[in-house]
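Note sheet for the following structure.
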Amino acid sequence: MEERHLIPESGVAADQEPSQEAVEVVNRREVRLRPGAEEKLVLQFMDSLNSYLSFSHSLSSTLGQAWMELASARHSMGTARLNTSLLDLKFHPASTTLKIAECDDDSVDAKARFVLRKWISSEEVGEDEDSNSTKSPEPADDDDEVCYSQVRRERAKSLSVFGILIPPKLRAAQQSFERALETLVEMANMQSSFLYSFHQLHQEVEDTKE
Amino acid sequence: MANRAQIPTKSSALIAMIADENGKGYKNYEDTVVGFLLAGVGNVDIRRKTNYLIVDSKTTVKQIEDAFKEFTTREDIAIVLISQYVANMIRFLVDSYNKPVPAILEIPSKDHPYDPAHDSVLSRVKYLFSTESVASGRR
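Below, the structure is given as structure tokens:
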């Protein structure tokens, strides 16, 4: 009864100043008018934050394995054959890049979606790839066979910086770092998602205070 | 009403790296950078500018700040990976960054494991749960 009296269409009755308690009731009522959307945002925030933390633990584990494999490769190859002084500064584009797409959940704001494109040759840079997968293509038919051989070629090109005879541990390290990249891209997507939810909820809280 | 965040869509963007040299004594190895370069993320443009910075004992804080500012303003970079140990050196700059793209991801290094309590992005959203946690947890 008291709530109905204190919530006229204009928001505040003209002939009386609302008390602190009345304003809080009004504000709670305004928040309750959109319970579904707010709860959805909270759930989305919690889910994506939880996923982000899980991925970060997974990343630490993957990187630990990758560093171990790299150290083993360095032990067999020698320090002089595996360090950054061997990297040349000649022009070369990255073989592994990202595609940025925009996810529109509503008309107010948008969030970024990152898609990993692994081992794309320089000829394909700029083409619009139709893929949401972060994994390398597996040979299933002739076109995929071409993709798979291209992936192998690009991987070998990356390894060739450190010599011709490549130990298995260095190949294993390369694959571990690729897995780490996949995890990082998922982390970036989760970060984008929980930051988006956070900004929406923060705006909701600020609007409520006003 | 919140302003609409502009997400620059792009079909081919780079991953930048700012990683620290790890190792003890006279043998220092840049394993994180070497590893991700093996995975194909290394890019050198016509002006011989790279998309990575290796932080060693001779690298100054100013150089790290300049690299961070450069990578976060380049339009061809989508994600910036930065070792959390290096991010702590320029924490003020990392905290003040708030654009959606490029995304900043703090990663562990061999000698310095990842600590969620120091992550800039996580610290920002802790505010949602407690207004005191940001001030008390960041010393």
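First to last, the sequence lines map onto chains A and Y.
Just so you know, we're using this note's numbering here: the first sequence kicks off at 178 and counts up by one.
Just so you know, we're using this note's numbering here: the second sequence kicks off at -16 and counts up by one.
For each residue, glycine too, the CB sits at the ideal point set by N, CA and C.
This structure is a prediction, so every number in the text was calculated from the model and none was measured.
{"query": "Run through the DSSP bridge pairs and tell me what C280(A) is partnered with.", "result": "K288(A)"}
{"query": "Give me, in chain order, the residues of the same chain whose beta-carbon lies closer than 7 Å to that of P96(Y); leave out the 5 immediate sequence neighbours on both sides.", "result": "none"}
{"query": "Which same chain residues end up closer than 6 Å to L(-3)(Y) when comparing Cβ atoms and leaving out the 5 residues on each side of it in sequence?", "result": "N26, N34, D59, I60"}
{"query": "Once you ignore the five residues that flank S253(A) on each side, which residues in its own chain have a CB closer than 7 Å to its CB?", "result": "P344, K346"}
{"query": "Applying a beta-carbon distance threshold of less than 8 Å, which residues of chain Y neighbour H269(A)?", "result": "G25, N26, V27"}
{"query": "Looking at chain Y, is there any beta carbon in it that lies within less than 8 Å of the beta carbon of T274(A)?", "result": "yes"}
{"query": "So, does the CB of T(-8)(Y) fall closer than 8 Å to a CB anywhere in chain A?", "result": "yes"}
{"query": "On the three-state DSSP scale, how would you describe A357(A)?", "result": "helix"}
{"query": "What does A22(Y) reach in chain A if we use C-beta pairs closer than 7 Å?", "result": "T273, Q351, F354, E355, L358"}
{"query": "Taking the alpha-carbon positions, what's the G340(A) to R251(A) distance?", "result": "12 Å"}
{"query": "In the structure shown, what three-state DSSP assignment does Y373(A) receive?", "result": "helix"}
{"query": "Excluding five sequence neighbours on each side, which residues of the same chain lie with their C-beta closer than 6 Å to the C-beta of I1(Y)?", "result": "L36, A50, I65, V69"}
{"query": "With a cut-off of 8 Å, do at least 3 Cβ pairs link the segment 372 to 379 of chain A to the segment 214 to 224 of chain A?", "result": "yes"}
{"query": "Residues of chain C with CB under 9 Å from S335(A), in chain order?", "result": "The question asks about chain C, but that chain is absent: this structure's protein chains are A and Y."}
{"query": "For my contact list, V382(A) and F291(A) are in at a C-beta cut-off of 8 Å; report their separation, rounded to the angstrom.", "result": "Not confirmed; about 28 Å, so no contact."}
{"query": "In chain Y, which residues lie with their C-beta within 9 Å of the C-beta of E331(A)?", "result": "G23"}
{"query": "Would you check if the distance between the CB atom of S225(A) and the CB atom of M364(A) is smaller than 8 Å?", "result": "no"}
{"query": "If contacts are defined as beta-carbon pairs under 8 Å, then K288(A) and Y373(A) qualify, I think. What distance do you get, rounded to the angstrom?", "result": "4 Å"}
{"query": "Exposed or buried, K93(Y), counting other C-beta atoms within 10 Å across all chains shown (16 or more means buried)?", "result": "buried"}
{"query": "With a cut-off of 8 Å, does the C-beta of I277(A) fall near any C-beta of chain Y?", "result": "yes"}
{"query": "In whole angstroms, what is the alpha-carbon distance linking V38(Y) and G18(Y)?", "result": "15 Å"}
{"query": "Buried or exposed for F268(A), going by 16 or more other Cβ atoms inside 10 Å?", "result": "exposed"}
{"query": "Can you say whether E246(A) is buried or exposed, counting buried as having 16 or more other CB atoms within 10 angstroms of its CB?", "result": "buried"}
{"query": "In chain order, which continuous runs of the beta strand (DSSP E) of length 3 or greater are located wholly inside the segment 72 to 114 of chain Y?", "result": "86 to 90"}
{"query": "Quick one: Cα of V24(Y) to Cα of V63(Y), how far?", "result": "11 Å"}
{"query": "So, are the CB atoms of F75(Y) and A(-1)(Y) less than 8 Å apart?", "result": "no"}
{"query": "Where do the N-terminal and C-terminal ends of the alpha helix (DSSP H) with A50(Y) fall, by residue?", "result": "44 to 56"}
{"query": "Using 8 Å as the limit for Cβ to Cβ distance, is K288(A) near chain Y?", "result": "yes"}
{"query": "In the DSSP assignment, the beta strand (DSSP E) including V63(Y) goes from what residue to what residue?", "result": "60 to 66"}
{"query": "Looking at the unbroken beta strand (DSSP E) that takes in L(-3)(Y), where does it start and where does it end?", "result": "-7 to 3"}
{"query": "Go ahead and pull the three-state DSSP assignment for K312(A).", "result": "With a pLDDT of 47 at K312(A), under the threshold of 50, the modelled position of this residue cannot be trusted; read the value that follows with caution. If DSSP states are grouped into helix, strand and coil, K312(A) belongs with coil."}
{"query": "Using the Cα positions of I297(A) and A22(Y), report the straight-line distance between them to the nearest angstrom.", "result": "12 Å"}
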